[in-house]
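Residue numbers (full-length UniProt numbering): 1 to 157.
By construction, the Cβ of each residue, glycine as well, lies at the ideal position given by its N, Cα and C atoms.
Bear in mind the structure is a predicted one, so any value in this text is a computation, not a measurement.
One structure is given below, encoded as structure tokens.
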């Protein structure tokens, strides 16, 4: 498996890693969910070089995670807005945040707390079964080849 061809793999994880699988991409996504939209603000908050930031933003636009919207005419300036495809990455980002909150915090505790606007309570993200609503844990899941699986994976089951 080569890094530059991951989007061609018959694996949903590999294809997703092709889009968000480096540290800068994940940190840019974090900033997007914290409502950062403008190039200069991404750069100042992350300390990323202009070249790397421009590259990652172009990639997100190409994959439909962000869209560019002009906010100034002269000179032309753009902001980057999460699309529905980008918003659908929120559970992924929150899962990573929750792991960090559980395993990587120091004595000061969590750097950010998340409050659900609907009920007003602080919350931890949890993954639940879409069918029964119960929490899902790794040891409770079995996998089976799906219709998009490679023919060799389907034949061996």
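Residue i - partner residues in DSSP beta bridges
{"i": "residue 81", "result": "67"}
{"i": "residue 140", "result": "Its beta-bridge partners do not exist; DSSP assigns none."}
{"i": "residue 135", "result": "128"}
For residue i, the three-state DSSP class (helix, strand or coil)
{"i": "residue 89", "result": "coil"}
{"i": "residue 122", "result": "strand"}
Exposure of residue i, with buried meaning 16 or more beta-carbon neighbours within 10 Å
{"i": "residue 80", "result": "buried"}
{"i": "residue 133", "result": "exposed"}
{"i": "residue 170", "result": "Absent from the model: residue 170. The displayed extent of the chain is 1 to 157, so no value can be given."}
Rounded separation between residue i and residue j - CA only
{"i": "residue 60", "j": "residue 22", "result": "12 Å"}
{"i": "residue 131", "j": "residue 62", "result": "33 Å"}
{"i": "residue 67", "j": "residue 28", "result": "14 Å"}
{"i": "residue 157", "j": "residue 147", "result": "Any reading at residue 157 needs caution, since the residue's pLDDT is 45, under 50, leaving its predicted position unreliable; the model's value is listed next. Whole-angstrom Cα-Cα distance: 13 Å."}
{"i": "residue 113", "j": "residue 36", "result": "18 Å"}
The alpha helix (DSSP H) enclosing residue i, as first and last residue numbers
{"i": "residue 43", "result": "39-46"}
{"i": "residue 49", "result": "From DSSP, residue 49 is part of no alpha helix (DSSP H); its letter is neither H nor E."}
{"i": "residue 23", "result": "23-33"}
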